[in-house]
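A.B. asks: Numbering (my numbering), first residue to last: 3 to 525. We treat Cβ as the ideally placed atom computed from N, Cα and C, and that holds for glycine. First the structure, which I've put down as structure tokens, then a few questions once you've had a look.
Below, the structure written as structure tokens:
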């Protein structure tokens, strides 16, 4: 036991790393965001150009470069593959959970810290984010690092904490953009106001000039270089289109009502998000006597409110606050356990979880039945019954007065579900993706070209960029000189498809849960 206490933080990190990297190489990159981010990193890796990002040879202005750099390192260490692209996402997930544990243990206690770790590690869709080759895992970590560092500085007065506070924001900007500066700035200001410390002396103790210098030293060189190299085109595309435009207007059809963001949080932190209302209520109740809970409450509430107001809404947007939501939920459950008092609200929360547990396998079975390519493997959805069993087991134990057993039933069931999802379900389903099937049909080193548009997963999986042709006449001219070429397209235009009938159709496969069909032709 002494050894466990001595190396508890290391054990937490290893547990988190195992959870966040489980089976990351077991299935290919196939969704749009992963495909474009990992391919942009591959093109940087191949060309050696670490300033200007491209996707299939075209300027990509969607994201800053930090995740590209780590993916390039992953390619260097593990090869250009799904594992290499995703490894550092998993590592930063583990670091996020580890750093959260350290801070909760320091400012609350070890039991509450461990409960927070278990809640985060069993939050299936939160863990899934660290299985993706996207910038969000890096933003989540640096957001967490920055805010905990501020809190440590506020409570201890140590100037050393200001370096990760400002440095975390700067690296967060390099990961995702201005949101990594705007949100922490808003949260810190609100916290100081609630504490009655929003004054000149407190602000000066934060060394703002030193912070600005460090922030700009870290974040601005790459932005300047890419601005210069692209004559301002990247700057315009990123800051105006992918930031201001996303907040002020609905982007790419990802809009919705105000309530959608809180629903994303509840879905993203299942199973323990069924206690999120009680957690917020309890944290607010103790705000005057527990600064750490006040801080966690504000981080959670302000982040959720911010993205609720945003016109563009996506499930990953509020995820940076999930470690703090986990703390709030853990605090409620910890106090409930300490009091040994039964609560009707907990009972109803567990009933709701049981309903969710029933709905998931049914919904999964129906959803796979809608997709024609999944009919023969739809029985894999029955693995979702693990969540059903976990919910009913938790309900049973709670009614018996065994809150601890109920807690571990929920956590263990959803962690097991995660292993099944990443290790069994995804590998089975992704075999039906257009790119997986194309990898089996198209020989290595084949020449491949694109007609008009294509599934974004093809470049990273085939490890090459593709020439794009916009007319059938251009195709015919090229194929006369290169008759063994494969032509891929997912154009929905009926006239285009009729014009392509002169070629031999090798493959026709609908994308997974998306409304486009990839067709592959030869001459």
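When the distance is taken between beta carbons, is residue 375 closer than 7 Å to residue 334?
C.D. replies: Not closer than 7 Å, so no.
A.B. asks: Between the Cα of residue 525 and the Cα atoms of 510, 515, 484, 498, which residue gives the shortest distance?
C.D. replies: Cα-wise, what sits closest to residue 525 is 484.
A.B. asks: Which of helix, strand or coil does DSSP assign to residue 290?
C.D. replies: Residue 290: coil per DSSP, three-state reduction.
A.B. asks: Once DSSP output is grouped into helix, strand and coil, what is the label at residue 489?
C.D. replies: Of the three classes helix, strand and coil, the one that applies to residue 489 here is strand, per DSSP.
A.B. asks: How many Å lie between residue 433 and residue 511 at the Cα?
C.D. replies: For residue 433 and residue 511, the distance between alpha carbons rounds to 11 Å.
A.B. asks: According to DSSP, what are the bridge partners of residue 143?
C.D. replies: In the DSSP output, where bridge partners are listed per residue, residue 143 has none listed.
A.B. asks: Residue 238 by DSSP, collapsed to three states: which one?
C.D. replies: Three-state DSSP puts residue 238 in a helix.
A.B. asks: Apart from the five residues on each side of it in sequence, which residues of its chain come closer than 7 Å, Cβ to Cβ, to residue 194?
C.D. replies: The residues are 200, 204.
A.B. asks: Spell out whether any CB of chain D is found under 7 Å from the CB atom of residue 457.
C.D. replies: Included in the structure is just one protein chain, with no chain D present.
A.B. asks: Which residues mark the beginning and the end of the beta strand (DSSP E) in which residue 521 is found?
C.D. replies: From DSSP, the beta strand (DSSP E) with residue 521 extends over 519 to 524.
A.B. asks: Beta-carbon separation of residue 458 and residue 42 under 7 Å?
C.D. replies: No, the Cβ-Cβ distance between residue 458 and residue 42 is not below 7 Å.
A.B. asks: Is the region 119 to 132 in contact with the region 51 to 68, if contact means three or more CB pairs nearer than 8 Å?
C.D. replies: With a cut-off of 8 Å, the region 51 to 68 and the region 119 to 132 do not count as touching, because too few Cβ pairs lie within range.
A.B. asks: Just how far apart, CA to CA, sit residue 447 and residue 486?
C.D. replies: Computed Cα separation, rounded: 11 Å.
A.B. asks: Taking the continuous alpha helix (DSSP H) assigned at residue 228, which residues delimit it?
C.D. replies: Here the alpha helix (DSSP H) through residue 228 covers 210 to 231.
A.B. asks: Does residue 500 come out as helix, strand or coil in the three-state DSSP assignment?
C.D. replies: Helix.
A.B. asks: The alpha helix (DSSP H) spanning residue 54 covers which residue range?
C.D. replies: No alpha helix (DSSP H) holds residue 54; DSSP gives it neither H nor E.
A.B. asks: Let me confirm a value: residue 411 is counted as buried when at least 16 other C-beta atoms fall within 10 Å, else exposed. Which label applies?
C.D. replies: Buried, since its Cβ has 16 or more Cβ neighbours within 10 Å.
A.B. asks: Give me the Cα-Cα distance between residue 82 and residue 461, rounded to the nearest whole angstrom.
C.D. replies: One C-alpha to the other measures close to 12 Å.
A.B. asks: Please classify residue 351 as buried or exposed, where buried requires at least 16 neighbouring CB atoms within 10 angstroms.
C.D. replies: Classification of residue 351: buried, given that the 10 Å Cβ count is 16 or more.
A.B. asks: Between which two residues does the beta strand (DSSP E) containing residue 506 stretch?
C.D. replies: It spans 506 to 512 - the beta strand (DSSP E) in which residue 506 sits, taken as one unbroken run.
A.B. asks: In this structure, how does DSSP classify residue 385 when only helix, strand and coil are distinguished?
C.D. replies: Residue 385 falls in the helix class under three-state DSSP.
A.B. asks: Would you check if the distance between the CB atom of residue 327 and the CB atom of residue 302 is smaller than 7 Å?
C.D. replies: Yes.
A.B. asks: Per DSSP, which one or two residues make a beta bridge with residue 451?
C.D. replies: Beta-bridge pairing links residue 451 to 489.
A.B. asks: List the residues that DSSP assigns as beta-bridge partners of residue 470.
C.D. replies: Answer is 452, bridged to residue 470.
A.B. asks: For residue 60, which beta-bridge partners are listed by DSSP?
C.D. replies: Answer is 57.
A.B. asks: When DSSP labels each residue in this structure, what does residue 446 get in the three-state scheme?
C.D. replies: Residue state, collapsed to three classes: coil.
A.B. asks: Could you check how far apart the C-beta atoms of residue 425 and residue 18 are, in whole angstroms? I think they sit under 8 Å.
C.D. replies: Between residue 18 and residue 425 the Cβ distance is about 17 Å, and since that is not below 8 Å, they are no contact.
A.B. asks: Between the C-alpha atoms of residue 15 and residue 62, what's the straight-line distance to the nearest angstrom?
C.D. replies: So the alpha carbons of these two residues sit roughly 34 Å apart.
A.B. asks: Beta-carbon separation of residue 317 and residue 241 under 7 Å?
C.D. replies: Their beta carbons are not under 7 Å apart, which means residue 317 does not touch residue 241 by this criterion.
A.B. asks: Kindly list the residues whose CB is nearer than 7 Å to the CB of residue 11, restricted to its own chain and excluding five residues on each side of it in sequence; keep chain order.
C.D. replies: Excluding positions up to five away in sequence, the list reads 100, 103, 104.
A.B. asks: If we ignore side chains and look at the alpha-carbon of each, how far apart do residue 358 and residue 272 end up?
C.D. replies: If you take the alpha carbons of residue 358 and residue 272, they lie about 9 Å apart.
A.B. asks: Considering only their Cβ atoms, is the gap separating residue 70 from residue 46 smaller than 7 Å?
C.D. replies: Yes; because the gap between Cβ atoms is below 7 Å, this pair is in contact.
A.B. asks: Measure the Cβ-Cβ separation of residue 286 and residue 297 and say whether it is below 7 Å.
C.D. replies: The answer is no: Cβ separation not under 7 Å.
A.B. asks: Quick check on residue 271: does DSSP put it in helix, strand or coil?
C.D. replies: Coil.
A.B. asks: Of all the options 8, 507, 516, which has the alpha carbon lying nearest to the alpha carbon of residue 523?
C.D. replies: For the residues 8, 507, 516, the minimum Cα distance to residue 523 belongs to 507.
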